[in-house]
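Numbering (our numbering), first residue to last: 3 to 97.
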């Protein structure tokens, strides 16, 4: 189940990532934030509201760095969701 949740979160992060003004305890860097724990946070902006996704570089450093490279290059901007399974996952990028 954890793998499905992680996969769903990564899918969310892949589609429509953008930056947001940092809160007082954050430091913004190229479309991401770094919260007090030091983990980068990516903000997924959707027409239904924003979703903040914390990335764990200590658990998957290469994956996080690769993902942040794409975010900073605006690779995912404008990606649409084409399938939503309530309480499970959101899928996009195919259309």
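In this text, a Cβ means the ideal position worked out from N, Cα and C, and glycines have one as well.
Sequence-distant Cβ neighbours of residue 67 in its own chain, meaning closer than 8 angstroms and more than five residues away, are 59.
In this structure, the alpha-carbon of residue 76 lies about 17 angstroms from that of residue 57. Shown here, residue 70 sits in a helix according to DSSP, grouped into three states. Looking at the DSSP output, residue 80 bridges to nothing. The beta carbon of residue 85 lies closer than 6 angstroms to those of 93 in the same chain, with the five residues before and after it left out.
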